[in-house]
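**Student:**
2 protein chains.
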Amino acid sequence: MSKLSNTSDEILTSARNLLISGGYNGFSYADISDVVGIRKASIHHHFPSKVDLVRVLVQQYREAGIAGVAALERNVSNPLDILKAYAGHWSQCIEDASKPFCVCALLAGELPSLPPEVATEVTAFFRFISSWLTSVMERGAMEKTITLSSAPDIEADAFLATVYGAMLSARAYGNPTLFSTIVAPTLSRLSPIVAH
Amino acid sequence: MSKLSNTSDEILTSARNLLISGGYNGFSYADISDVVGIRKASIHHHFPSKVDLVRVLVQQYREAGIAGVAALERNVSNPLDILKAYAGHWSQCIEDASKPFCVCALLAGELPSLPPEVATEVTAFFRFISSWLTSVMERGAMEKTITLSSAPDIEADAFLATVYGAMLSARAYGNPTLFSTIVAPTLSRLSPIVAH
DNA sequence: AGAAGCCTACCTTCTAGTAGGCAGACAGTC
DNA sequence: GACTGTCTGCCTACTAGAAGGTAGGCTTCT
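The listed protein sequences derive, respectively, from chains A and B.
By the numbering used here, the letter at position 141 of the first sequence is numbered 141, and the numbering carries on one by one without gaps.
By the numbering used here, the letter at position 158 of the second sequence is numbered 354, and the numbering carries on one by one without gaps.
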């Protein structure tokens, strides 16, 4: 199926977990070595350099994001429900502490000091999410299932900012439920105005 | 006036700049040494350990924040204008690239891997900003100069999330003006509803 | 035979941090 | 005014350990 070995995946997974907790400079090959139970040098066999590792990691992260979004679009037709599902995804990740932060949100913070190869991947991820959210907003506005108060692309970026900002706040306060609390009003603001 | 020497201040300033661009693990005493024009060992004379340095840095950052907020409250009476001024402050910092990121927003991302002494200071900063924004929201609601759609503390955290998320997006796209673009709709949503 | 996967052993550079010395500023004292 | 002690700020020189990375050898699978 996949052309990457099992170990390769384990390395990527542990690297992602370490990355999520402390950023690019917050982990080393030795840390991965401890988790995976493999020697440092063996990691270099799979990923010659740290830049390679993280670049592949973010690349895969973006591809997984694209696949996830495609699946979401297939299963949910209502644009507002898509936004709710997207927010719900993160809400769940944060609350069960499985993936309590977006890899690219964290790396975006460190962007100015990131190796250019990695930085490029990170901005590509942002462009993808942003353009996808824009398309959702546009469709919602057309179908009148989403209430926009600004242009679709601005609403998309604002929504993303709120989601990522909420992630940050949840982490800062050590309060996972805060994420939903912050995002909920934004979702209800985007909901269609009910007749009264 | 201040009991910290000039050099001490220079170290803190350059440390802050380095911190803003790459986070806690993204800079070293050698980097500071290069900027300030002092030997590494001399930095240890002022700040025995890196934890000391960053703890003091965040402490001072919070104190400066408290002072800044106090000044803002003194000069601007309208709660909505206070929010606008707060957003405007960051907008300016980002656009002239002087302080294009909040120290604590960046550190909050790295929180799980931060030394506990630093982590404590970071969460204290968030608590301060959040409770201040809550008080602004409350006053605005009372005076009917701010339109709230949720409880004041939730609106405060949501506003902060948007501001910090907008910071991140501006950095991710390398587009400083994006900050204002994202924050502006939030501000107008909080504006009093005009009679029609 | 050869490639894949992992190993030990090693290298260089960077990391935070220490030890100890030296020059100047500022006392107090004779 | 010279004589002392001490404190501050900075220096050179050094340490131990961690960083990312390399060389080369040993199995195992194809």
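Where is the CB? At the ideal position from N, CA and C, for every residue including glycine.
These figures come from a predicted structure and were not determined experimentally.
Short of 8 Å Cβ to Cβ, which residues in the stretch 152-176 of chain A face chain B?
**Tutor:** Of all residues in the stretch 152-176 of chain A, I154, E155, D157, A158, L160, A161, T162, V163, Y164, G165, A166, L168, S169, R171, A172, Y173, G174 have a Cβ within less than 8 Å of some Cβ in chain B.
**Student:** Could you tell me if B:M333 is buried or exposed, where buried requires 16 or more neighbouring beta carbons within 10 angstroms of its beta carbon?
**Tutor:** Mapped onto the second sequence, residue 333 of chain B falls at position 137. Buried is the call here.
**Student:** Measure the C-alpha to C-alpha separation of A:H45 and A:V103 and round it to an integer number of angstroms.
**Tutor:** Residue numbering aside, residue 45 of chain A sits at position 45 when the first sequence is read from its first letter. Residue numbering aside, residue 103 of chain A sits at position 103 when the first sequence is read from its first letter. Their backbone Cα atoms lie some 24 Å apart in a straight line.
**Student:** Between which residues of its own chain and A:F27 is the CB-CB distance below 6 Å, once the five residues before and five after are set aside?
**Tutor:** If you number the first sequence from 1, residue 27 of chain A lands on position 27. Closer than 6 Å at the Cβ level, and outside the excluded window around A:F27, lie L18.
**Student:** Along chain A, in chain order, which residues have C-beta atoms closer than 7 Å to that of B:G261?
**Tutor:** Sequence index remark: in the second sequence, residue 261 of chain B carries index 65 (1-based). Correct list: empty, because the minimum Cβ distance to chain A is about 14 Å.
**Student:** Mapping the DSSP letters down to three states, classify B:C298 as helix, strand or coil.
**Tutor:** For the purposes of this step, residue 298 of chain B is taken as residue 102 along the second sequence, with counting starting at 1. Reduced to three states, the DSSP call for B:C298 is coil.
**Student:** Any beta-carbon of chain A closer than 8 Å to the one on B:S198?
**Tutor:** Looking up residue 198 of chain B in the second sequence gives position 2. Below a pLDDT of 50, predicted positions are generally treated as unreliable, and B:S198, at 39, falls in that range; the measurement from the model is reported next regardless. So, not an interface residue.
**Student:** Measuring alpha carbon to alpha carbon, tell me which of A:L168, A:S188, A:P176, A:Q92 ends up nearest B:L302.
**Tutor:** Stepping through the second sequence from its first residue, residue 302 of chain B is reached at position 106. Nearest option by C-alpha distance: A:L168.
**Student:** Flag A:A124 as yes if its beta-carbon sits less than 8 Å from any beta-carbon of chain B, otherwise no.
**Tutor:** On the first sequence, position 124 is the one that residue 124 of chain A refers to. No, A:A124 lies away from the interface with chain B (no Cβ there is under 8 Å from its Cβ).
**Student:** Closer than 8 Å by beta-carbon distance: list the chain B residues that pair up with A:P185, in chain order.
**Tutor:** Locating residue 185 of chain A in the first sequence gives position 185, counting from the first residue. Ordered by position in chain B, the residues that pass the 8 Å Cβ test against A:P185 are S345, S346, I350, E351, A354.
**Student:** At the level of alpha carbons, what is the spacing between B:G152 and B:A320?
**Tutor:** As shown, chain B starts at 197 and ends at 392. That puts residue 152 of chain B outside it, with no answer to give.
**Student:** Interface residues of chain A around B:L307 at Cβ under 7 Å?
**Tutor:** Position 111 of the second sequence, counted from the first residue, corresponds to residue 307 of chain B. Residues of chain A passing the Cβ test: R171, A172.
**Student:** Which residues in chain B have a C-beta closer than 8 Å to the C-beta of A:I182? List them in chain order.
**Tutor:** Numbered from 1 along the first sequence, position 182 holds the residue referred to as residue 182 of chain A. Result: I350, D353, A354, A357.
**Student:** Between the C-alpha atoms of B:S345 and B:F322, what's the straight-line distance to the nearest angstrom?
**Tutor:** Within the second sequence, the letter at position 149 stands for residue 345 of chain B. Within the second sequence, the letter at position 126 stands for residue 322 of chain B. In a straight line, the C-alpha of B:S345 is about 22 Å away from that of B:F322.
**Student:** Under 8 Å, Cβ to Cβ, is there at least one residue of chain B near A:G22?
**Tutor:** By one-based count along the first sequence, residue 22 of chain A stands at place 22. So yes, A:G22 belongs to the interface.
**Student:** Under a Cβ-count criterion, where at least 16 other Cβ atoms within 10 Å of its own Cβ denotes burial, should A:P79 be classed as buried or exposed?
**Tutor:** As a first step, residue 79 of chain A is located in the first sequence; it is residue number 79 there, counting from the start. The residue is buried, with at least 16 neighbouring Cβ atoms inside 10 Å.
**Student:** Using three-state DSSP, classify A:P116 as helix, strand or coil.
**Tutor:** To locate residue 116 of chain A, count along the first sequence from 1; it is residue 116. Three-state result, A:P116: helix.
**Student:** With H, G and I counted as helix, E and B as strand and the rest as coil, what does DSSP make of A:P152?
**Tutor:** Taking the first sequence and counting its residues from 1, the one referred to as residue 152 of chain A is at position 152. Reduced to three states, the DSSP call for A:P152 is helix.
**Student:** Quick check on B:A226 - is its C-beta less than 8 Å from some C-beta in chain A?
**Tutor:** Here the question's residue 226 of chain B lines up with position 30 in the second sequence. No - not a single Cβ of chain A is within 8 Å of the one on B:A226.
**Student:** Determine, using beta carbons only, whether A:R55 comes closer than 8 Å to chain B.
**Tutor:** Numbered from its first residue, the first sequence carries residue 55 of chain A at position 55. Not closer than 8 Å to any Cβ of chain B, the Cβ of A:R55 fails to qualify, so no.
**Student:** Leaving aside the five residues before and after B:A293 along the sequence, list all residues of the same chain whose C-beta is less than 8 Å from its C-beta, in chain order.
**Tutor:** Indexing the second sequence from 1 puts residue 293 of chain B at position 97. Here the set comprises P372.
**Student:** At a CB-CB cut-off below 7 Å, which residues of chain B make contact with A:G26?
**Tutor:** Position 26 of the first sequence, counted from the start, is the residue given in the question as residue 26 of chain A. Within chain B, the residues near A:G26 are N221, E306, S309.
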